[in-house]
Amino acid sequence: MGKLNHPGILEIITSWPEGENFGLTDEEQAQVTQAEEAPPYNQLPAEETHYALLTDGPCHIVGMNRKWKAAVWSPTRQVAEATEGEGGSSQLAELKAVQLALNIAERERWPRLYLYTDSWMVANALWGWLKRWKEANWQHGGKPIWSAKEWKDIATRVGRLPVKVRHVDATSPRVELMRSIETTSR
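First residue of the sequence shown? That's 1 in the UniProt record's numbering, and the numbers climb one at a time after it.
If you want it as structure tokens, here you go:
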């Protein structure tokens, strides 16, 4: 588990490079970043808020099965879109939520996407790990990265669409609204 006062992954993922900078200096790490940090939502210019989406990806155990739900919420339109599946984890659901957000932005031909997530895993990957993984042929330490298929898809799409990402506190009011969506997956 990551430290709450230290940026890093807060989720536990088997074989995940938590806090890993791949041996790069801070300056070198900045050079491999694919997505920039988004401003706080309340600081976005009014005309840009239309391109902002909040993502979440919960997973629940129902009986003997794990069920995940990927959800995206648009603050300006006050609408949510979701997809769900079985056999994954909350981390997989977070990736599916990013893919869903990219689907929306592509379908509606947005010029850019502001992505707000409560997942440090997603934020860190979009801020720099993706490009490094791609350069390392989707491996870390000689082993394939976790969920490479989803990460490859996200990396390709982020390469075509400017994306700015911001990590948000999981207890913010907007995230609480997303939590109400989660209950429908149970």
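Ideal Cβ positions, reconstructed from N, Cα and C, are used throughout, including at glycine.
What are the partner residues of N65, as DSSP defines its beta bridges? Mapped onto the sequence shown, residue 65 falls at position 65. Answer is V62, bridged to N65.
If you check the beta carbons only, do E37 and V165 fall under 8 Å apart? Numbered from 1 along the sequence shown, position 37 holds the residue referred to as residue 37. Numbered from 1 along the sequence shown, position 165 holds the residue referred to as residue 165. Taking a C-beta distance under 8 Å as the contact criterion, E37 and V165 qualify as a contact pair.
If the criterion is Cβ atoms closer than 8 Å, does the pair E94 and S74 meet it? Taking the first residue of the sequence shown as 1, we reach residue 94 at position 94. Taking the first residue of the sequence shown as 1, we reach residue 74 at position 74. Against a cut-off of 8 Å, the Cβ pair of S74 and E94 comes out as no contact.
Over what stretch of residues does the alpha helix (DSSP H) that includes R132 continue unbroken? Counting from one through the sequence shown, the residue named residue 132 turns up at place 132. Following the DSSP letters along the chain, one finds R132 inside the alpha helix (DSSP H) bounded by residues L130 to E135.
How about the stretch 45–58 and the stretch 67–87: do they share at least three Cβ pairs that are nearer than 8 Å? Touching, yes, given that three or more Cβ pairs across the two stretches are closer than 8 Å.
Between A71, A101, S89 and E135, which has its C-alpha nearest A82's C-alpha? Reading the sequence shown from its first residue, position 82 is the one you call residue 82. Nearest to A82 by C-alpha distance, out of A71, A101, S89 and E135, is A71.
How would you write the range of the alpha helix (DSSP H) that L115 sits in, first residue to last? Position 115 of the sequence shown holds residue 115. Not the alpha helix (DSSP H): L115 falls in the beta strand (DSSP E), residues L113 to T117.
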